[in-house]
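Worksheet for the structure shown next.
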Amino acid sequence: FFGDPTSKLDLIGVTGTNGKTTIATLLYNMFRKFGYKVGLISTVCNYIDGEAIPTDHTTPDPITLNKLLGRMADEGCKYAFMEVSSHSIAQKRIGGLRFAGGIFTNITRDHLDYHKTFENYLKAKKAFFDGLPKTAFALTNADDRNGMVMVQNTKAKVYSYSLRTLCDFKGKVLEDGFDGMLMDINNREVNVQFIGRFNASNLLAVYGAACILGKKPEDVLLLLSTLHPVSGRFDALRSPKGYTAIVDYAHTPDALINVLDTIHEVLRGRGKVITVV
1 FFGDPTSKLD LIGVTGTNGK TTIATLLYNM FRKFGYKVGL ISTVCNYIDG EAIPTDHTTP
61 DPITLNKLLG RMADEGCKYA FMEVSSHSIA QKRIGGLRFA GGIFTNITRD HLDYHKTFEN
121 YLKAKKAFFD GLPKTAFALT NADDRNGMVM VQNTKAKVYS YSLRTLCDFK GKVLEDGFDG
181 MLMDINNREV NVQFIGRFNA SNLLAVYGAA CILGKKPEDV LLLLSTLHPV SGRFDALRSP
241 KGYTAIVDYA HTPDALINVL DTIHEVLRGR GKVITVV
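Following this note's numbering, the numbering of the sequence shown begins with 1 at its first residue and continues without gaps.
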């Protein structure tokens, strides 16, 4: 069991440079499909179960944040999935919150205008895991070279996910196309409506978190196959004339490289790519 037995609301934080919105939103959608009342705090929009609450920051200021979480608890939400930005950690916007779990996606150079050095940015992300209580879980991406650094001083129970190495939640892309992928997750095959290795990694994080929160692997895989990409996150639009348009929020050099690499992996040299930035 993970979480605070005295609290009605289990708070799960997702941090990293890329993938936060996708992972938090997919967990929110999945746990609603499991039949829970759920909250979401994300870059795109905040939700209290089905009610949308507009947002303009990845992580709100402490007063707005606690008000939102208070409303979620009052309205009977069991889980809240939340993007945790490096700014919010450094500025202690999440101070005083007790997390039931934390998920690490990856870390590349971002927000250096604020943190000044990559070292400071790394420290801000790591501080989130350092602060997790021993009743929590920490799920980290073993494919990121800083994945294990993130959790080296945490008191939480550590789990890992990977497309490459031995870990708790292991994935492999068996087939891919612009319509989705066939994946192997912990020796079970599943068709998903997502494209690209970075999304395969995001889906592993979602799968891992759901299993850690006590869901049966076969039930998680079934729901994973029904989930859709988040609007504007590697969103593929097909034209009857054979064109495919991909809309993506890529706002870091690394994210843009991921998007273009993914398109080329699927095309395998059989088409032309036009990029509009």
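The beta carbon of each residue, even a glycine, is placed where N, CA and C say it ideally should be. Computed from a prediction, not measured in an experiment: that's the story for all the values here.
Go through its chain and collect everything with a Cβ distance to residue i's Cβ below 8 Å, but skip five positions before and after it.
{"i": "Cys211", "result": "Phe169, Pro217 and Val220"}
{"i": "Arg188", "result": "Pro217, Glu218 and Leu221"}
Rank the options by C-alpha distance to the C-alpha of residue i and give the top, closest one.
{"i": "Thr291", "options": "Phe81, Lys241, Ile53 and Phe178", "result": "Coverage of the chain is limited to positions 1 through 277, which leaves residue 291 absent and any answer about it impossible."}
{"i": "Lys155", "options": "Arg270, Phe129 and Asn120", "result": "Phe129"}
{"i": "Gly196", "options": "Lys8, Leu163 and Tyr207", "result": "Leu163"}
{"i": "Thr264", "options": "Pro253, Ile246, Thr252 and His251", "result": "The residue you asked about is not Thr; residue 264 is His in the sequence shown. Checked all of Pro253, Ile246, Thr252 and His251; the closest Cα to His264 is Ile246."}
{"i": "Thr262", "options": "Ser201, Ala205 and Gly208", "result": "Ser201"}
{"i": "Ser239", "options": "Ala136, Asp179 and Tyr36", "result": "Asp179"}
{"i": "Asp176", "options": "Asn186, Val192, Ile185 and Ile53", "result": "Val192"}
{"i": "Lys37", "options": "Leu69, Arg93 and Met148", "result": "Leu69"}
{"i": "Ala52", "options": "Tyr28, Ile63, Val173 and Pro62", "result": "Tyr28"}
{"i": "Ile63", "options": "Gly35, Ser86 and Lys92", "result": "Lys92"}
{"i": "Thr165", "options": "Gln152, Asn153, Gly147 and Val151", "result": "Gly147"}
{"i": "Tyr249", "options": "Leu237, Met30, Val277 and Lys241", "result": "Val277"}
{"i": "Met30", "options": "Thr226, Lys67 and Asp235", "result": "Thr226"}
Where residue i and residue j are concerned, what is the direct C-alpha to C-alpha distance, given to the nearest angstrom?
{"i": "His111", "j": "Tyr121", "result": "At His111, the pLDDT of 49 sits below 50, so the modelled position is not reliable; the number obtained from the coordinates is stated separately. Distance between the alpha carbons of His111 and Tyr121 is about 8 Å."}
{"i": "Leu224", "j": "Cys167", "result": "20 Å"}
{"i": "Asp144", "j": "Asn106", "result": "6 Å"}
{"i": "Asp10", "j": "Ala100", "result": "6 Å"}
{"i": "Lys296", "j": "Val158", "result": "In the structure as shown, the chain begins at 1 and stops at 277. Residue 296 is therefore absent and cannot be evaluated."}
{"i": "Gly13", "j": "Ile103", "result": "6 Å"}
{"i": "Ala136", "j": "Leu267", "result": "42 Å"}
{"i": "Asp61", "j": "Ile23", "result": "22 Å"}
{"i": "Gly96", "j": "Ser86", "result": "16 Å"}
{"i": "Leu256", "j": "His228", "result": "21 Å"}
{"i": "Gln133", "j": "Gly16", "result": "The sequence shown places Pro at residue 133, not Gln. Looking at the two C-alpha atoms, the distance is approximately 19 Å."}
{"i": "Cys77", "j": "Lys241", "result": "45 Å"}
{"i": "Ile94", "j": "Arg32", "result": "24 Å"}
{"i": "Asn66", "j": "Ile274", "result": "44 Å"}
Taking 7 Å as the limit between beta carbons, can you name the residues of its chain near residue i, skipping five residues before and five after?
{"i": "Thr21", "result": "Ser42, Thr43, Val44, Glu83, Val230 and Arg233"}
{"i": "Met72", "result": "Leu9, Gly39, Ile48 and Ala80"}
{"i": "Lys272", "result": "none"}
{"i": "Asn186", "result": "Phe169, Lys170 and Pro217"}
{"i": "Thr131", "result": "For the record, residue 131 in the displayed sequence is Gly; it is not Thr. Closer than 7 Å at Cβ, skipping near neighbours: no residue."}
Buried or exposed, going by whether 16 or more other CB atoms sit within 10 Å of the CB of residue i?
{"i": "Tyr243", "result": "exposed"}
{"i": "Gly269", "result": "exposed"}
{"i": "Asn18", "result": "buried"}
{"i": "Gly50", "result": "exposed"}
{"i": "Asp184", "result": "exposed"}
{"i": "Asn46", "result": "buried"}
{"i": "Gly208", "result": "buried"}
{"i": "Thr55", "result": "buried"}
So, for residue i: in the same chain, excluding its five sequence neighbours on each side, which residues have a beta-carbon less than 6 Å away from its beta-carbon?
{"i": "Phe1", "result": "With a pLDDT of 47 at Phe1, under the threshold of 50, the predicted position of this residue should be treated as unreliable, and no value is reported."}
{"i": "Ser285", "result": "Lying before the first or after the last residue shown, residue 285 is absent from the chain, which here runs from 1 to 277."}
{"i": "Leu204", "result": "Tyr161, Phe169 and Gly171"}
{"i": "Phe198", "result": "Asn258"}
{"i": "Leu237", "result": "Ala245"}
Counting only runs of 3+ residues fully inside the region 84-128, write out the beta strand (DSSP E) ranges in chain order. Inside the region 84-128, DSSP marks whole beta strand (DSSP E) runs of 3 or more residues at positions 101-104, from first to last along the chain.
Which runs of the beta strand (DSSP E) at least 3 residues long sit entirely within the region 38-80? Give them in chain order. 38-41, 46-48 and 51-53
At what residue ranges does the region 221-248 contain a whole run of the beta strand (DSSP E), taking only runs of 3 or more? 235-238 and 244-247
Completely contained alpha helix (DSSP H) runs for the region 141-185, where each covers 4 or more residues: Within the region 141-185, the complete alpha helix (DSSP H) runs of at least 4 residues are 147-150.
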